[in-house]
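Taking mature numbering (1 follows the signal peptide of the UniProt record, and there is no 0), I'd label the letters of the sequence shown as residues -25 to -1, 1 to 298.
Every residue gets a Cβ at the ideal spot worked out from N, C-alpha and C, and that includes glycine.
What follows is a short report on a single structure.
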Amino acid sequence: MRIQSWRTALAAAALAVVAAAPAHADTYPSKPIRMVVTFPGGGAPDILARLFAEKSALGQPVVVDNKPGAGGNIGAEAAARSPADGYTLVLGTVGTHSINGSLYSKMPYDMVKDFTPIILVASTPNVLVVNPSVPAKDVAELIALAKTRPGALTFGTPGVGTSPHVAGEMFNTLAGVKLTHVPYKGRAMALPDLLGGHISMMFDNLPSALPVVREGKLRALGVTSLKRSPSAPDIPTLAEQGLPGFDADSWFAIFAPAHLPKELQDKLNAEANRVYSLPDVQAKMKTLGLEPMLGSPERLATFQRSEIAKWAKVIKASGAKAD
């Protein structure tokens, strides 16, 4: 009887565990969700995270937590080391989740193994902008100027390993010039120096650069995508200005820590697809030069693997290193 009672109790406990799993998913979330942004406020990652926080209908607040530094690695590591319970997400970038693994000799996290893919949100080209004092009206004139003054022209970036950094290194390689890299701790720190003429240029994300260009405070010479952006069709590509094959888009995606339960992954993916498909959100994104991508977690996983391979080749060819 004792053995039978023990077996009965064990079976009941097992059934309780099985029954509790979907119930837990049904009650998620029961507290605020943290969305880590790996760069300071004002840039595309911050904008996208705040759009999700504003429009989310999960029943709990989504709190944006900016954790900049080390090309986004500090914030990405913080997210990777968090519990896989759905209460910590990260707005990952092309840098944190495809470039940095090749650029840094020691990474504090694995770009694939330490994360659960949620959704590929959007992409945007970078745009080469120069201070108006730079005497170059197009890319050909800039290349000619750079060749007469090796190392004298500088390009600022939001940090080592960011897509603007790698775009600058790609420019050096394809144009056969030497622009000097000046890394900052975020775009907000670099922009005042560019406006003040302390650095010559930036490869800035289109969403953050367009307003300043439209105000006439900076001159846009070209976008880094293979095709012109619908948001700024008057800005030619670098590829059509003598640098064929130049392709250095930025992209942004939501990840959770590794081993997130599938039901939570699906729930977050469905909500993100809903939010970023809202007409007003789509209009806002396109006005800023962000091209919505969306889709399944599997689409993000496949895309990320292809991007890791692509940027590994670019970084090897440029010889760039973060340390």
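I need the straight-line Cα distance from residue i to residue j, nearest angstrom please.
{"i": "V11", "j": "T123", "result": "43 Å"}
{"i": "P219", "j": "D60", "result": "45 Å"}
{"i": "A297", "j": "T63", "result": "27 Å"}
{"i": "G172", "j": "E215", "result": "27 Å"}
{"i": "residue 300", "j": "S98", "result": "Residue 300 cannot be examined here, being either before or after the span of the chain that is shown, -25 to 298."}
{"i": "A233", "j": "F27", "result": "21 Å"}
{"i": "D21", "j": "V198", "result": "21 Å"}
{"i": "L193", "j": "G16", "result": "20 Å"}
{"i": "L169", "j": "V104", "result": "9 Å"}
{"i": "A165", "j": "N48", "result": "19 Å"}
{"i": "T262", "j": "T212", "result": "19 Å"}
{"i": "A247", "j": "G270", "result": "9 Å"}
{"i": "R9", "j": "V38", "result": "5 Å"}
What is the DSSP secondary structure of residue i, counted as helix, strand or coil?
{"i": "G270", "result": "coil"}
{"i": "H156", "result": "strand"}
{"i": "R194", "result": "strand"}
{"i": "T199", "result": "coil"}
{"i": "F278", "result": "helix"}
{"i": "D209", "result": "coil"}
{"i": "S183", "result": "helix"}
{"i": "P92", "result": "strand"}
{"i": "T99", "result": "strand"}
{"i": "G161", "result": "coil"}
{"i": "G143", "result": "helix"}
So is residue i buried or exposed if we call it buried at 16+ other beta carbons inside 10 Å?
{"i": "P43", "result": "buried"}
{"i": "G151", "result": "exposed"}
{"i": "A(-5)", "result": "Note that A(-5) scores 42 on pLDDT, short of 50, meaning its location in the model is unreliable; the coordinates nonetheless yield the value given after this. Its Cβ having fewer than 16 others within 10 Å, A(-5) is exposed."}
{"i": "P254", "result": "exposed"}
{"i": "R162", "result": "buried"}
Is there at least one Cβ from chain C nearer than 8 Å to residue i's Cβ?
{"i": "L235", "result": "Chain labels in this structure do not include chain C; a single protein chain is all it has."}
Would you call the region 188 to 203 and the region 77 to 89 in contact, with 3 or more CB pairs under 8 Å? Because the criterion of three Cβ pairs below 8 Å is not met, the region 188 to 203 and the region 77 to 89 do not touch.
Complete alpha helix (DSSP H) runs within the region 11 to 72 (minimum length 4 residues, chain order): 19 to 30 and 48 to 55
Does the region 154 to 172 come within contact of the region 228 to 247, defined as at least 3 CB pairs closer than 8 Å? no
Would you check if there are 3 or more beta carbon pairs closer than 8 Å linking the region 135 to 142 to the region 220 to 229? yes
Three or more C-beta pairs under 8 Å: does that hold for the region 277 to 288 against the region 68 to 81? yes
4 or more residues per run - each alpha helix (DSSP H) lying fully within the region 105 to 129: Segments of the alpha helix (DSSP H) lying fully in the region 105 to 129: 114 to 123.
Whole runs of the beta strand (DSSP E) within the region 220 to 274, excluding any shorter than 3 residues: 225 to 232
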